[in-house]
Ligand SMILES: [Fe+2]
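Numbering (the working numbering), first residue to last: 14 to 397.
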């Protein structure tokens, strides 16, 4: 068996309505009247989603401060400025309520609040230690950020998004409350859900895949593939939302123990250079990347087909093909374009895209097949 390293969130609360328990969870390690800082963005604040959480915190007798100015793509500079506000508040605990950006920003801010350094220094020198204890409450079922030791930050001075990675960034408390995703628009349900499917699938076929990540990947894919379509069409279907939320969390667990590869590597330049949303870029690349390497990973793809209960019979190749077809029709049904045409990317961009993707070594080195620059170009050409 392949050796592996796994570390995970020590406490996870899952279930409809459980975000009301955030205050109770904090009372297990904070004294009454302590100051709690809730980190979120303005859309979430306006949505009314926070009411139940805020009520639970007041019931436990805590003082609550809210910081709602997390931008959609926080830069290192944004975070350094916000860290000043966090230090002024001097909270005993923090709560993040939001998507991947809010959760990642909270990982960084909770660290900067204790350790006197900048975000750039965290990226360059590593994370010196644990930050303020945090409760992470995701409001999308996609990034899995609540389960990972990564914080993705935009560094404009380097024209790059960099993942700050440290086991000190693994959240200590996570609440998965699927009710928070009931109002998520269909387009966001689709793009975040496909992102989660990519995490699970890439971690399952990757070179670092192992017995621990496989277990979460197969169950996560079963949860996602049997729920995403329903959640897309019936946003208020709690059962589908619950499965998607847990599946996306499992995707984060998989990233921690295994890792993403070619889809994410080719997706990064599309986000970085052309600002194509992460989940959309992944969705466009998902089928072409799997098709390109299917001969090498057919048995793994067939096992996914079996695990999701597709009921497909036949040999390994037939089951692998059928899985790729079901992914293709899922992406299509959810209205995500199959090519980059709507984004105005032409063949003249091929060299730049391939050079940038080829440079994402951390991910490509985990791909089951070595991809040359020409191979990467061939995949991009498929989606032009
Ligand atoms: Fe992703």
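No residue lacks a Cβ here, since even glycine has one placed at the ideal position from N, Cα and C. Keep in mind it's a predicted model, so treat the numbers as computed, not measured.
- A distance of 8 Å or more separates the beta carbons of residue 255 and residue 198.
- Setting aside the 5 residues that flank it on each side, residue 231 is surrounded in the same chain by 320, each with a C-beta closer than 6 Å to its C-beta; the list follows chain order.
- Taking 7 Å as the cut-off, one finds no heavy atom of ligand 1 near enough to the beta carbon of residue 117.
- Residue 301 is a Cβ neighbour of residue 396, given a cutoff of 8 Å.
- The beta carbons of residue 206 and residue 241 sit closer together than 8 Å.
- Put simply, the region 26-35 touches the region 54-68. At least three CB pairs are less than 8 Å apart.
- In the three-state scheme derived from DSSP, where H, G and I count as helix and E and B as strand, residue 172 is classed as coil.
- What you get when you keep residues with a C-beta closer than 7 Å to any heavy atom of ligand 1 is 156, 208, 211, 212, 273, 277, 291 and 295.
- Under DSSP, the beta-bridge partners assigned to residue 76 are 48.
- Only residues of its own chain outside the window of five on either side were considered, and among them 51 have a CB closer than 6 Å to the CB of residue 79, listed in chain order.
- The DSSP-derived three-state label of residue 27 is strand.
- Within its own chain, the residues whose Cβ lies closer than 6 Å to the Cβ of residue 108, once the five positions on either side in sequence are excluded, are 35, 51 and 148, listed in chain order.
- In the DSSP secondary-structure assignment, residue 147 is bridged to 107.
- Non-local beta-carbon contacts of residue 342 in its own chain, meaning distances under 7 Å to residues more than five positions away in sequence, are absent.
- Restricting attention to 182, 177 and 168, the CA atom closest to the CA of residue 143 is found in 182.
- Here the alpha carbon of residue 17 sits roughly 26 Å from the alpha carbon of residue 116.
- Residue pairing by DSSP puts residue 166 in a beta bridge opposite 175.
- In terms of CA proximity to residue 390, 361 leads the group 376, 361 and 86.
- The Cβ neighbour count for residue 387, taken over all protein chains shown within 10 Å, is under 16; the residue is labelled exposed.
- The distance from the Cβ of residue 118 to that of residue 87 is about 5 Å, consistent with a contact at the 8 Å cut-off.
- Counting along the chain, residue 356 sits inside no beta strand (DSSP E), nor does DSSP assign it H or E at all.
- Listed in chain order, the alpha helix (DSSP H) runs fully inside the region 232-286 are 241-246 and 251-270, counting runs of at least 4 residues.
- Bounds of any alpha helix (DSSP H) do not take in residue 349, whose DSSP letter is neither H nor E.
- Boundaries of the beta strand (DSSP E) around residue 186: 186-189.
- Here residue 164 is actually not in contact with residue 226; their C-beta atoms are around 21 Å apart, not less than 8 Å.
- Taking C-beta atoms as the reference points, residue 237 and residue 203 fail to come closer than 8 Å.
- Secondary structure of residue 102 (DSSP, three-state): helix.
- Measuring C-alpha to C-alpha distances from residue 336 to each of 251, 299 and 129 identifies 299 as the nearest.
- For residue 309, the uninterrupted alpha helix (DSSP H) segment begins and ends at 291-320.
- Taking residue 128 as the centre and dropping the five residues before and after it, the same chain places the C-beta of 141 and 142 closer than 7 Å to its C-beta, in chain order.
- Distance check between residue 215 and each of 39, 42, 392 and 382 places 382 closest, using alpha-carbon atoms only.
- Looking only at 97, 106 and 24, the smallest Cα-Cα distance to residue 49 is reached by 106.
- In the structure shown, the three-state DSSP call for residue 88 is strand.
- In the three-state reduction of the DSSP assignment, residue 20 falls in the coil class, being assigned neither a helical nor a strand state.
- DSSP places residue 97 in the helix class (H, G or I) of the three-state scheme.
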